[in-house]
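Novice:
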Amino acid sequence: MASACNDRIELILGDITRLEVDAIVNAANQSLLGGGGVDGAIHRAAGPDLLEECRKLNGCRTGEAKITGGHQLRAKYVIHTVGPVWGGGTRGEAALLASCYRTSLALAAERQLQSVAFPAISCGVYGYPWRDAAMIAVREVCAFLKENPEPQKVIFCCFDHEMFEIYQGTLADADAGRI
Ligand code: AR6
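According to the numbering used here, the sequence shown is numbered sequentially starting from 2.
Here it is in structure tokens:
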């Protein structure tokens with residue numbers, strides 16, 4: 002299918018905590034009480050009030066998502082989702098990762114948010130193979146955007162050049178109808 006979704010997707014290389022968007026997505030863990038990677042960066046940039054708000058959420062299951070304010074971030078909201086830990090691919094990882102993208106976007110749509118930025122969920126400490134994860138991310142976001150007017154725009158925010166190139170290739174594949 003032609004680029005019915007690609008014109009609403011932006012790919013950038015950079016630090017997600019700097020983005021001025023309606024919501025950034027956090028690759029959190031089930032406790033929602035912070036950690037390393039992008040989670041640690043988001044909590045540092047948002048300040049201690051984010052942790053206070055997260056404490057009231059009673060954690061989050063893998064594949065699901067919860068939303069908080071953005072506190073000191075430029076983003077108005079943070080959508081916290083818990084990606085699967087890669088265990089070889091036979092533990093439902095693909096379905097769980099797909100669910101992270103879908104539930105995060107559903108929360109954004111419910112709040113009528115217009116712009117949402119995603120990191121590469123599960124691709125750091127959780128060890129998900131990058132190409133497979135990018136394919137799932139692009140496929141799920143495209144499918145959601147085709148069905149929903151909101152969010153108007155989705156940004157994939159890659160933290161390093163190699164990931165950026167993988168997303169570039171994956172988006173080109175989607176554009177050409179190969180996904
Ligand atoms: N902006 C954008 N992307 C980033 C940033 C940033 N500032 N920092 C890292 N990344 P990870 P996971 C990229 O490990 O694999 C935490 O401890 C990074 O390069 O943050 O889902 C949580 O508390 C990688 O591509 O998340 C959990 O325990 C991607 O973000 C666990 O890690 C995700 O890497 C979650 O692991």
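Beta carbons: idealized from backbone N, C-alpha and C, even for Gly.
Determine the burial state of Thr91: buried for a count of at least 16 other Cβ atoms within 10 Å of its Cβ, exposed for fewer.
Specialist: Along the sequence shown, read from residue 1 onward, the residue named residue 91 stands at position 90. Thr91 comes out exposed.
Novice: Under the DSSP definition of a beta bridge, which residues are partnered with Asn27?
Specialist: For the purposes of this step, residue 27 is taken as the residue at position 26 of the sequence shown. According to DSSP, which records beta bridges pairwise, Asn27 is partnered with His81.
Novice: Measuring CB atoms only, is the segment 129 to 146 touching the segment 97 to 116, in the sense that at least three cross pairs come out at less than 8 Å?
Specialist: yes
Novice: Is the segment 103 to 122 close to the segment 66 to 74, with three or more CB pairs under 8 Å?
Specialist: Verdict: yes, contact present.
Novice: Under 7 Å: does the beta carbon of Gly84 sit that close to some heavy atom of the ligand AR6?
Specialist: On the sequence shown, residue 84 is found 83 positions in, with the first residue counted as 1. Answer for Gly84: yes, Cβ within range of the ligand AR6.
Novice: Using CA atoms only, rank isn't needed, just tell me which of Glu151, Lys77, Thr104 is closest to Asp23.
Specialist: For the purposes of this step, residue 23 is identified with residue 22 of the sequence shown, where counting begins at 1. Comparing Cα positions, the closest option is Lys77.
Novice: Cα separation between Leu172 and His72?
Specialist: As a first step, residue 172 must be located in the sequence shown, where it is residue number 171. As a first step, residue 72 must be located in the sequence shown, where it is residue number 71. Their backbone Cα atoms lie some 32 Å apart in a straight line.
Novice: Do Leu58 and Leu74 count as a contact pair if the criterion is CB distance below 8 Å?
Specialist: For the purposes of this step, residue 74 is taken as the residue at position 73 of the sequence shown. For the purposes of this step, residue 58 is taken as the residue at position 57 of the sequence shown. The answer is no: Cβ separation not under 8 Å.
Novice: With 16 as the cutoff for other CB atoms within 10 Å, does His81 come out buried or exposed?
Specialist: Here residue 81 is taken as the residue at index 80 of the sequence shown, counted from 1. His81 comes out buried.
Novice: Span of the alpha helix (DSSP H) holding Val86?
Specialist: To locate residue 86, count along the sequence shown from 1; it is residue 85. Counting along the chain, Val86 falls outside any alpha helix (DSSP H), and DSSP gives it neither H nor E.
Novice: How long is the line joining the alpha carbons of Thr18 and Ile43, rounded to whole angstroms?
Specialist: Along the sequence shown, one-based indexing puts residue 18 at 17. Along the sequence shown, one-based indexing puts residue 43 at 42. The alpha-carbon atoms of Thr18 and Ile43 are separated by roughly 6 Å.
Novice: What does the Cβ neighbour count give for Asp176, buried or exposed, with the cut at 16 atoms within 10 Å?
Specialist: By one-based count along the sequence shown, residue 176 stands at place 175. Label assigned to Asp176: buried.
Novice: List in chain order: all unbroken beta strand (DSSP E) runs of 3+ residues lying wholly within the segment 49 to 129.
Specialist: 66 to 70, 78 to 83, 116 to 119
Novice: Between Ile180 and Asp174, is the Cβ-Cβ spacing less than 8 Å?
Specialist: Against the sequence shown, residue 180 aligns to sequence position 179. Against the sequence shown, residue 174 aligns to sequence position 173. Cβ distance < 8 Å, so Ile180 and Asp174 count as in contact.
Novice: Could you tell me the distance, in whole angstroms, from the CA atom of Met2 to the CA atom of Gly93?
Specialist: Translated into the one-based positions of the sequence shown, residue 2 becomes position 1. Translated into the one-based positions of the sequence shown, residue 93 becomes position 92. With a pLDDT of 40 at Met2, under the threshold of 50, the predicted position of this residue should be treated as unreliable, though the coordinate-derived value follows. About 27 Å.
Novice: Just tell me which of Gly88, Gly84, Arg45, Thr104 has its CA closest to the CA of Ala29.
Specialist: Within the sequence shown, the letter at position 28 stands for residue 29. Taking only the C-alpha atoms, the option nearest Ala29 is Gly84.
Novice: Can you tell me whether Asp50 is buried or exposed? The criterion is at least 16 other CB atoms within 10 Å of its CB, across all chains shown.
Specialist: The count along the sequence shown starts at 1 and reaches residue 50 at position 49. Exposed.
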